[in-house]
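From first to last, the protein sequence lines are chains W and E. Quick note on our numbering: the first sequence kicks off at 1 and runs consecutively. Quick note on our numbering: the second sequence kicks off at 1001 and runs consecutively. Every residue, glycine too, gets a C-beta built ideally from N, C-alpha and C. For reference, the structure is listed below as structure tokens.
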Amino acid sequence: MNPKLVQKIAFTVLFLVTLIIIIPVVIILFIIVKEGYSAITLEFLTSIPKDGMRGGGIFPAIIGTFSLVLCATSFALPIGVLSAIYLNEYAKDNLLTRVIKLSIVNLAGVPSVVYGLFGLGLFVIYLNFGVSILAGALTLFIMELPCIVTTSGGALNSVPQSFREASLSLGVSKWQTIRHIVLPNALPGIMTGAILGLSRIAGETAPILFTAAAFYVPRLPTSIFDQVMALPYHLYIISTQIPNMPKNLTYGTALVLLIIVLAISFSAISIRYYFRRKKKW
Amino acid sequence: MVDKIVIKNLNCFFGDIHSIKSLNVTVFENEILGIIGPSNSGKTTFLRTLNRLNDLNIKFKKNGNVFLDAQDIYDIDTETLRKRVGMVFALPLPLPLSVFENIAYGPRRHGIKDRKKLENIVEKSLVASFLWDEVKDRLEEPAMKLSGGQQQRLCLARTLATTPDVILFDEPCSGLDPISTAKVEETMIELKKKYTIILVTNNTKQAARVSDRVAFFLMGELIEIDKTEKIFTNPKDKRTNDYISGRFG
């Protein structure tokens, strides 16, 4: 066969296969928006559930999800970034470092329900935090760590070695070099990673199932030891446990969760884009 | 002539590669020592040993001694050593900061906070690197916006701002056009009144133009070191002659 024709066929096949990727995204978005948009009203977003979840809104679940995610990230960000700095800039390539790196990879591979059980055992029961924001956030924090350590490490690595050498060659110490040259230039990448980690845990159900989420709490949390409603768990409840649930409320809840997660990812992308344009090298 | 840097029986290794072989050299105060030789002959390794930048590479090992003003450089902490032995790299490497902040960076990190003092250091360093007239109105611009030649003189000014007494130039003109090259060379000749300069260059003509003495390195060995006129007119070793007349390398 003629090589040009073969090439054409090959490219067409590759293109069609790639097209398959967008099909599920489009279908999911289409169904959820079509079924759910009618539920989205100001009242739905700002009031508590009524009639055994069959009416009212999802405000406590939105607040619950935000408090879990922000709480988890405020633990994960400093610890993740500081350990990434250690692993990238200071650690010698020895057995301990390799064990730590391997643990991070393994942490990323643990199924989310196992995190949930671990959180139940350690935070809820052993440390006696009870089913609470704190226990849920700590569980999500462990789940978020690998993402933040890995992306921060990548961001630190992408700062050119030549910047470090230029700084060190002026008699500037290693820590000052990290503090004044490496970190500021890695910051956009670190922030992008943190936000992506955040959007990943925002949609998790299993880790908060036994550690933080409540079936129904008609008021807002007042301390980190309170149980909360959370969007993913609420969605699971209303789609499996409540008979005669109005369909548009279920899809509306899914739509809100989806919009929150997409908005978080989108803000990560905008930050990256903004800094890439500002990048000075 | 005062001995500034004395190197005694220096051997450098990167893993299994023996990149500098039993080197003995003395560098005199206020001279420009040119170092020539084909690539892979250990020139850059030699320079980076003098400010211990090689220590960043975990595979690097050395034996033998390097003395700066009669003190072993491994008895000086790296920060102090690198403040005294400045370096200008092959490619201009401005930090991603403004022109002003690039030069103030070293002094700031070494504890100078007073704005007036910093302004004074920046101006003096830029004047000394013959860049002041070109950038005095652009101090707040990002350094990356300057032309290549200006960036290289900026890097020199940044090195001068930490008040070294030795400056290492690692092929400082390899990325520059002839006019910028001429400016950097003039600057070097001016600077040797106050500083000791070691210039690694792939351009033998440049070594001939600016150096007082020239050392020829080949495969990690010092083949010959002598006054510049001597090396270029009447070298002792045949290999030196072959290299400068362009027969290899």
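Taking C-alpha positions only, E/K1205 is separated from E/L1218 by approximately 18 Å.
Judged by DSSP secondary structure, E/D1133 falls within the alpha helix (DSSP H) whose first and last residues are 1132-1135. In this structure, E/S1180 keeps its C-beta atom at 9 Å or more from the C-beta atom of E/L1160. Within 10 angstroms of the beta-carbon of W/L138 lie 16 or more other beta-carbons, which makes it buried. Under the criterion of beta carbons closer than 8 Å, W/V228 and W/A206 do not qualify as touching, at roughly 16 Å. Short of 8 Å from the beta carbon of E/P1164, and not among the five residues preceding or following it, lie these beta carbons of its own chain, in chain order: K1083, R1084, V1085, G1086, Y1195. Rounded to whole angstroms, the gap between the alpha carbons of E/F1060 and E/C1012 is 7 Å. Among the residues of the stretch 1172-1196 of chain E, none has a Cβ less than 9 Å away from any Cβ of chain W. Of all alpha-carbon atoms in W/K247, W/G64, W/R54, the one lying nearest the alpha-carbon of W/T211 is that of W/G64.
A direct Cα-to-Cα measurement between W/I125 and W/V69 gives close to 21 Å. W/I271 places its beta carbon less than 9 Å from that of W/I195. Within chain E, no residue has its CB atom less than 8 Å from the CB of W/L156, the nearest being about 15 Å off.
DSSP, read as helix, strand or coil, puts E/H1110 in coil. Looking at the DSSP output, E/S1098 bridges to E/P1142. Distance from the CA of E/T1233 to the CA of E/N1102, rounded to the nearest whole angstrom, comes to 42 Å.
For E/K1059, the secondary structure class from DSSP, reduced to helix, strand or coil, is coil. Beyond the five residues adjoining it in sequence on each side, E/F1067 comes within less than 6 Å, by CB distance, of V1006 in the same chain, given in chain order. Among the residues of chain W, none has a CB under 9 Å from the CB of E/L1199; the nearest is roughly 16 Å distant.
Spanning the alpha carbons of W/K101 and W/E144 requires a straight line of approximately 15 Å. A distance of 9 Å or more separates the beta carbons of W/A39 and W/T222.
Taken through DSSP and simplified to helix, strand or coil, E/C1173 comes out as coil. For W/R54, the three-state secondary structure derived from DSSP is coil. When DSSP assignments are scanned along the stretch 230-267 of chain W, no uninterrupted stretch of beta strand (DSSP E) that is 3 or more residues long falls wholly within it. Neighbours of E/F1089 across chain W, judged by C-beta separation under 9 Å: S162, E165, A166, S169.
With fewer than 16 other Cβ atoms from the protein chains shown falling within 10 Å of its own Cβ, W/P218 counts as exposed. Excluding its 5 nearest sequence neighbours in each direction, W/A186 has C-beta neighbours in its own chain below 6 Å: A155, L156, V159, listed in chain order. Here E/I1036 is bridged, per DSSP, to E/F1216. For W/N185, the chain E residues whose C-beta falls within less than 7 Å of its own C-beta are P1096, listed in chain order. Residue state for W/I48 is assigned as coil, using DSSP reduced to three classes. W/A10 sits exposed, since fewer than 16 C-beta atoms from the chains shown fall within 10 Å of its C-beta.
Shown here for W/K50: same chain residues with a beta carbon closer than 7 Å to its own, the five before and five after excluded, namely G56 in chain order. Considering only beta carbons, the part of the stretch 1044-1060 of chain E lying closer than 8 Å to chain W consists of N1051, L1053, L1056, I1058, in chain order. For W/Y37 and W/N248, the gap between their C-alpha atoms comes out near 8 Å.
In terms of Cβ geometry, W/F141 and W/T73 form a close pair [threshold 9 Å]. Contact of W/V172 with chain E is assigned, a C-beta pair being separated by under 9 Å.
In its chain, beyond the 5 residues on either side, L196, S199 have a beta carbon closer than 7 Å to the beta carbon of W/S265.
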